[in-house]
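Report on the structure given below.
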């Protein structure tokens with residue numbers, strides 16, 4: 424098979440050989456620093472063409488919860504949904520755990536956390552973290568507000584929402600939040616009080632200490 428050289432910025436990371444029948448090559452790269460990395464592949468044959476750069480960001484994160492280990496349940500307003508990793512509460516809408524309307528592997532699949540329509544909810548983390556990332560499907564305007572343990576508002580996110588122009592379900596998206604300075608995220612307020620009557624989905628909750 425033919426070889427390519429994989430380059431991270433200006434640093435060579437190896438020269439994998441492509442499968443002669445499929446043309447596919449793989450290369451395991453480890454020990455990358457926590458920053459953005461821009462990879463290109465240069466052909467070591469022919470005219471030596473170089474691919475378009477692909478950029479990735481390395482973060483030291485771990486999966487906190489993907490909600491797959493819990494039974495399906497609905498919790499009425501005023502009652503907590505208590506999990507080993509977090510407590511979810513709402514005074515005005517149902518919360519629960521169930522399967523997503525349309526699974527997307529690795530983003531929203533298995534079980535998901537549901538925040539039912541036209542209400543607000545709070546996710547209180549059992550520990551505090553400097554960084555969180557999770558997937559969402561939002562059928563209506565959704566405002567996520569992040570707070571520390573002293574109730575200081577650290578910032579907010581507004582993920583994409585709504586149906587497609589052809590009436591299709593909204594695609595899942597990733598929500599990412601880094602607490603400023605030395606602050607830690609203690610809880611997240613979810614406001615989806617305006618709009619559609621379908622529940623918001625949350626899945627694959629990653630954290631960074």
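In my numbering, the protein residues as written are 424 to 632.
Glycine residues also receive a C-beta, built at the ideal position from the N, C-alpha and C atoms.
Owing to the predicted nature of the structure, the values given are computational and were not obtained by experimental measurement.
query: Beta strand (DSSP E) segment containing residue 550, residue limits; result: 542-552
query: Of the residues 584, 519, 447, 481, the one placed nearest residue 631, counting alpha carbons only; result: 481
query: Own chain, CB closer than 6 Å to residue 618, minus 5 neighbours either side, in chain order; result: 563, 564
query: Buried or exposed by the 16-neighbour rule on C-beta atoms within 10 Å, applied to residue 503; result: exposed
query: Collapsed DSSP secondary structure at residue 493 in the structure displayed; result: coil
query: Outcome for residue 382 when other beta-carbon atoms lying within 10 angstroms are tallied against a minimum of 16; result: This structure does not reach residue 382, given that the chain is present from 424 up to 632, and the question cannot be answered.
query: Cut-off 6 Å between Cβ atoms - residues of its own chain near residue 581, not counting five sequence neighbours on either side; result: 566
query: Residue 387 (DSSP reduced to helix, strand or coil); result: Lying before the first or after the last residue shown, residue 387 is absent from the chain, which here runs from 424 to 632.
query: Helix, strand or coil at residue 578 [DSSP, three-state]; result: strand
query: Assumed close pair residue 558, residue 595 - CB separation to whole angstroms, cut-off 8 Å; result: 5 Å
query: Burial state of residue 456, where buried means 16 or more other Cβ atoms lie within 10 Å; result: exposed
query: Beta-carbon contacts of residue 518 that lie in its chain and below 8 Å, excluding the five residues immediately before and after; result: 497, 498, 504, 511, 512, 536, 537, 538, 539, 544
query: Outcome for residue 447 when other beta-carbon atoms lying within 10 angstroms are tallied against a minimum of 16; result: exposed
query: Separation of residue 441 from residue 449, as counted between CA atoms; result: 8 Å
query: 6 Å Cβ shell around residue 426 - same chain, five flanking residues per side excluded; result: 438, 440, 467
query: Exposed unless 16 or more other CB atoms sit within 10 angstroms - verdict on residue 432; result: exposed
query: Reference residue 534; option with closest CA among 628, 430, 601; result: 628
query: Residues near residue 541 by beta carbon distance below 6 Å, same chain, minus five either side; result: 616
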